[in-house]
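K.L.:
My questions will all concern the structure given below.
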């Protein structure tokens, strides 16, 4: 994708070359809506990743914060989210203790109606057909939902479904995806291979000492037959920004992968009704 | 004299200054003209004498006097240059005599110094004699401001002319470095006397003004010390034996607060670090003899700061050698001796200052002896002793005590060093007021979190939790409680909106924030070995349990960390053999115990229910289906016994349904248990209080009999884990009956439409009992009910309209589905 096209609306996390483009985007861009949720602080995560926080730092450009819940056990995080915009909206997640919080909310922006639910009440959880029924019920063009800790966005039957994932990459008690399981599997496998390599290195003393030392570090955990696999187990931290104009919604998906913020852009256009 | 000064207004002062400047400027230019003309030298001197007369003024402030001085200095510089180029050696000796006949002492001495210093610059001149003579003559001016400037002039003029070498075979008239040092020190002593005397002149009501004037003049006195420090060829031994003692003697003897604070500061700043290290004791002894009003703390902190900087520069490689050559003995002991002396001789020293000094020494020790933890222990011992003696003290000092507590966090390169301190630290911490202790503990956690310090051994975990224990128990500050200052964060009416049992008291915002931080801390406990990691968590639980009902803030975090360990073990293929399964069951027992403890305190029932459910999920994930069953049962019990709010009941039931749907291993390995659970769950749904809740819970429960699993993402193929078409239909029918029984026609219709949507789900999924006929019946029913409702006057038109739109959307969707699914074409859609 052309980087100029997918220039995200917040301050640049990556290449300084793009600065000019970023700046122009900042000045031209309209106000944005932040969708963020499933933070689970402090139970499953310590804080919103520093790089996200820096990106979100009160810029005055976030018109509204839509929070998908599972946050209220951390007063400090709620305060942070409230500081991002004067308009803070939240729906209840399964771990929010306050029963007075709404379970769903609907907002209208220009020609689009946007619905907000945590997703724990969608049965089966995150099932596309069930989400579709929910969107029909709420009469929304865009349904923002959470609870799976998996960032995704897709269009189904003319409606746009957005899951901003977990902003902290919080542990999810649901089964891991096959894809993620494969990643972990591959990582463990790779280390087993290294382990055997190490043995062969021992047999071949002409190997440089330096390489030995390098492998020593990794070898240690293998001795106890255990590995540091946490980073492969946890979901990718993510959140979304929505820019709505007319019947078009431009969605920016922010993810934190290997310590770097990545941005993807998806555009949804509501089909005009006759 | 100064009495007159009092009456001089600012405007008069300015006028006097302007007049004087005009005169000086004129006289300088006249002097220059005369110097340029042959045989007019005596006239030139006369003009010089005239502008020097302006320095005799009494009315100017030090700053204004300085302006005159600058201009005069430039004038005399012209004269000096002229003398240097135009006058032969022997002539200068005569001239030196001649200028002494000038009428007034001020012009006379300035001219004498000007000529004398030019004379000194000539080879083979009697330098020592001239120095001695000028010094003697300067005694003639005793007015503080005039005297200080005159002597400053002497110092400036002689700057590059004083002998700089030690000479063994002294030529009496030329002198050596010893004489230069003597010269500067004498000038310093005399200037200091003048400076101090200024304080005692004039009316006492002008004290403030005089203090300000003295601060303006201090740099003149200090310049002598700068001069001393600039002399090369002085080593630390000479400094220790011959220079410092005289300086300190003068400083002590003058008994003047301003002088003592300023001059000691200058000494610390201008002389090299090595000198200070060599003379610590002398310096300390001097500080103990200062005026009681002198801030001992400020002086010591300056010194300590300087020494720490010195040590830190040592990391520069080229610096290392020079540092080693110092052969440093243990300076920490010297500081401790000093502390002992302070305790003995200055018992009235404010505890706040004492604390600052201890903090400084602590930092110093960490900088110089990073491995010596005994030093730091010793500091905390002193701190504890002092604290016991003086008590908590005024609130201003509390920040200071806290700051001392945080030194190990900020000063050590490794934050974990705090764990290597002994019980003195804990004792000192324990003596603090609860508010100080808490605040310090929170800062410690912040620091650990910021640096992502992992605690990997039992000892580390124990030690840090000993420190943080006060947060766990979250004891209230008694003074706050007495004053009724604690206000609950939520008004009592909101209690029932929160997950809590009715007798549960709400904590203040402050407490929740503290507990949140404590919970975050738990994430720092880590060991790469999952079972060792678990052991550390079990250890930390012992401390957390002291928190009584505060455990509701911290225990959930423990549960999730343990559950993550369960997943990790599974991924590492460590839940395969029978032994391994027994071993991992300890983790579940632990979680069960943790939730149980909260149950005994009867707190946060919804939270406990949810924790049981997520644990059941993880147990299912690792195929411990019987364990999963137990946790489900546990959550059912909480549902039955402890949930009072109908909203909580409905929501919990929905969550249970979703968790059961995800329990694929139980379906696979123990479907009997699974069936028991889903039957029970559906029963709960049908017993909900509100009919709308009942209806929804029942139609959602239908999914418990229809569970599909995607095989992989690319193809849309599913496998059915549970496929009981009849029970699905029964649920839908039951929901319909409930909806039909609702009196409010609109609410009833809304539910019908929702059930229609549910039915579509099954229709699409191919449940053969949800037929076209069934759907047609349902649509007809809804249609006719709408017709009836519209006739009834009681219904809310607007609401009914909204509901009808929902229906229309549903029909529209069905219409659209005809494009991809032929079966939809058989359904009669009422919009047609």
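Chains as they are written, first to last, in full-length UniProt numbering: chain A, 1 to 274; chain B, 1 to 832.
Glycine included, each C-beta is placed from N, C-alpha and C at the ideal position.
Just so you know, these numbers come straight off a predicted model, no measurement behind them.
At 4 residues or longer, and completely inside the region 378-465 of chain B: list those alpha helix (DSSP H) runs for me, N to C.
P.N.:
Qualifying alpha helix (DSSP H) stretches, in chain order: 395-411, 423-431 and 434-450.
K.L.:
With DSSP run on the structure shown, which of helix, strand or coil describes residue 601 (chain B)?
P.N.:
DSSP places residue 601 (chain B) in coil when its eight states are reduced to three.
K.L.:
For chain A, check one thing: does any of its Cβ atoms lie closer than 8 Å to the Cβ of residue 796 (chain B)?
P.N.:
False, the Cβ-Cβ gap to chain A never drops below 8 Å.
K.L.:
Which ranges does the alpha helix (DSSP H) cover as unbroken runs of at least 4 residues, wholly within the region 220-254 of chain A, from first to last along the chain?
P.N.:
With a minimum length of 4 residues, the continuous alpha helix (DSSP H) runs that stay inside the region 220-254 of chain A are 230-233.
K.L.:
Who are the near neighbours of residue 84 (chain B) in its chain, counting only those whose CB is closer than 8 Å to its CB and skipping five residues on each side?
P.N.:
Contacts found: 118 and 121.
K.L.:
Any heavy atom of the ligand GDP closer than 7 Å to the CB of residue 44 (chain B)?
P.N.:
Judged by which ligands are present, the structure shown has none, so any question about the ligand GDP falls away.
K.L.:
Under 8 Å: do the region 282-300 of chain B and the region 346-360 of chain B share three or more Cβ pairs, one atom per stretch?
P.N.:
Taking 8 Å as the limit for Cβ pairs, the verdict is that the region 346-360 of chain B does touch the region 282-300 of chain B.
K.L.:
Determine, using beta-carbon pairs with one atom in the region 414-430 of chain B and one in the region 446-459 of chain B, whether at least three such pairs fall under 8 Å.
P.N.:
In short, these stretches touch, since the Cβ pair count reaches three.
K.L.:
Three or more beta-carbon pairs under 8 Å between the region 141-157 of chain A and the region 105-120 of chain A, yes or no?
P.N.:
With the cut-off at 8 Å, the region 141-157 of chain A and the region 105-120 of chain A touch.
K.L.:
Give me the residue from B:647, B:707, B:738 and B:818 with the minimum Cα distance to residue 98 (chain A).
P.N.:
Looking at the Cα atoms, B:647 is the closest of the given residues.
K.L.:
Decide if the region 504-517 of chain B is in contact with the region 427-436 of chain B; the criterion is three or more beta carbon pairs, one per stretch, under 8 Å apart.
P.N.:
The region 504-517 of chain B is not in contact with the region 427-436 of chain B.
K.L.:
Check residue 104 (chain A) in the structure and name its three-state DSSP category.
P.N.:
It is a strand residue.
K.L.:
Identify, in the order they occur along the chain, each residue of the same chain with its Cβ nearer than 7 Å to the Cβ of residue 147 (chain B), setting aside the five sequence neighbours on each side.
P.N.:
Contacts found: 141 and 194.
K.L.:
Less than 8 Å between CB atoms is the rule here; does residue 214 (chain B) satisfy it with respect to chain A?
P.N.:
By this cut-off, residue 214 (chain B) is not an interface position.
K.L.:
Show which residues of chain A have a CB atom less than 7 Å away from the CB atom of residue 655 (chain B).
P.N.:
Correct list: 94 and 120.
K.L.:
Using the C-alpha atoms, what's the distance from residue 37 (chain A) back to residue 243 (chain A)?
P.N.:
Rounded to the nearest angstrom, the two C-alpha atoms are 18 Å apart.
K.L.:
How would you write the range of the beta strand (DSSP E) that residue 533 (chain B) sits in, first residue to last?
P.N.:
No beta strand (DSSP E) holds residue 533 (chain B); the alpha helix (DSSP H) holding it covers 530-544.
K.L.:
Can you name the residues of chain D whose CB is closer than 8 Å to the CB of residue 779 (chain B)?
P.N.:
Here the protein chains are A and B, and chain D is not one of them.
K.L.:
Output needed for residue 306 (chain B): all residues of its chain with C-beta closer than 8 Å, excluding positions within five of it in sequence on either side, in chain order.
P.N.:
Taken in chain order, the residues that qualify are 268, 269, 273 and 276.
K.L.:
Mapping the DSSP letters down to three states, classify residue 641 (chain B) as helix, strand or coil.
P.N.:
DSSP places residue 641 (chain B) in helix when its eight states are reduced to three.
K.L.:
How would you label residue 220 (chain A), buried or exposed, when you count the other beta carbons within 10 angstroms and need 16 or more for buried?
P.N.:
Any answer about residue 220 (chain A) is weak, because its pLDDT of 46 lies below 50 and its placement is not dependable; what the coordinates show is given next. With fewer than 16 other Cβ atoms within 10 Å, it is exposed.
K.L.:
Give the DSSP-derived three-state secondary structure of residue 7 (chain A) in the structure shown.
P.N.:
Because residue 7 (chain A) carries a pLDDT of 45, less than 50, the predicted location of this residue cannot be relied on, and the following value inherits that uncertainty. Coil at residue 7 (chain A), not helix or strand.
K.L.:
May I ask you to list, following chain order, the residues of the region 158-178 of chain A that have a beta carbon less than 9 Å from some beta carbon of chain B?
P.N.:
Flagged, chain order: 158, 170, 171, 173, 174, 175, 176, 177 and 178.
K.L.:
How would you list, in chain order, the residues of chain B whose beta-carbon sits under 8 Å from the beta-carbon of residue 136 (chain A)?
P.N.:
Correct list: 757, 806, 809, 810 and 813.
K.L.:
Please list, in chain order, all residues of the same chain as residue 140 (chain A) whose beta carbon is under 8 Å from its beta carbon, the five residues on each side excluded.
P.N.:
If we look at residue 140 (chain A) and ignore the five residues flanking it on each side, its Cβ neighbours are 106, 113, 114, 115 and 159.
K.L.:
Going along the chain, which residues of its own chain have a beta-carbon closer than 7 Å to the beta-carbon of residue 527 (chain B), five neighbours each way excluded?
P.N.:
Cβ within range, chain order: 456, 533 and 536.
K.L.:
Using a threshold of 8 Å, state whether the C-beta atoms of residue 339 (chain B) and residue 382 (chain B) are closer than that.
P.N.:
Yes, the Cβ-Cβ distance between residue 339 (chain B) and residue 382 (chain B) is below 8 Å.
K.L.:
Would you identify the three-state DSSP class for residue 111 (chain A), choosing helix, strand or coil?
P.N.:
Looking at residue 111 (chain A) - three-state DSSP - the assignment turns out to be coil, as it is neither helix nor strand.
K.L.:
Checking contacts by CB at 8 Å: is residue 658 (chain B) closer than that to chain A?
P.N.:
For residue 658 (chain B), the answer is yes, since a Cβ of chain A falls inside 8 Å of its Cβ.
K.L.:
Can you give me the C-alpha to C-alpha distance between residue 733 (chain B) and residue 582 (chain B), rounded to a whole angstrom?
P.N.:
Each residue's alpha carbon lies about 45 Å from the other.
K.L.:
I'd like to know whether the C-beta of residue 229 (chain A) is nearer than 8 Å to at least one C-beta of chain B.
P.N.:
Cβ-Cβ to chain B under 8 Å: yes for residue 229 (chain A).
K.L.:
Who are the near neighbours of residue 636 (chain B) in its chain, counting only those whose CB is closer than 7 Å to its CB and skipping five residues on each side?
P.N.:
Taken in chain order, the residues that qualify are 680.
K.L.:
Can you find a C-beta in chain A that's less than 8 Å from the C-beta of residue 499 (chain B)?
P.N.:
So yes, residue 499 (chain B) belongs to the interface.
K.L.:
Leaving aside the five residues before and after residue 811 (chain B) along the sequence, list all residues of the same chain whose C-beta is less than 8 Å from its C-beta, in chain order.
P.N.:
Once the five neighbours on either side are set aside, the close Cβ partners of residue 811 (chain B) are 779, 829, 830 and 831.
K.L.:
On a CA-only basis, which of B:265, B:440, B:623 and B:603 is nearest residue 251 (chain B)? Give me that one, please.
P.N.:
Closest option to residue 251 (chain B), Cα to Cα, is B:265.
K.L.:
Could you tell me whether any Cβ in chain A is nearer than 8 Å to the Cβ of residue 408 (chain B)?
P.N.:
No, its Cβ sits nowhere closer than 8 Å to a Cβ of chain A.
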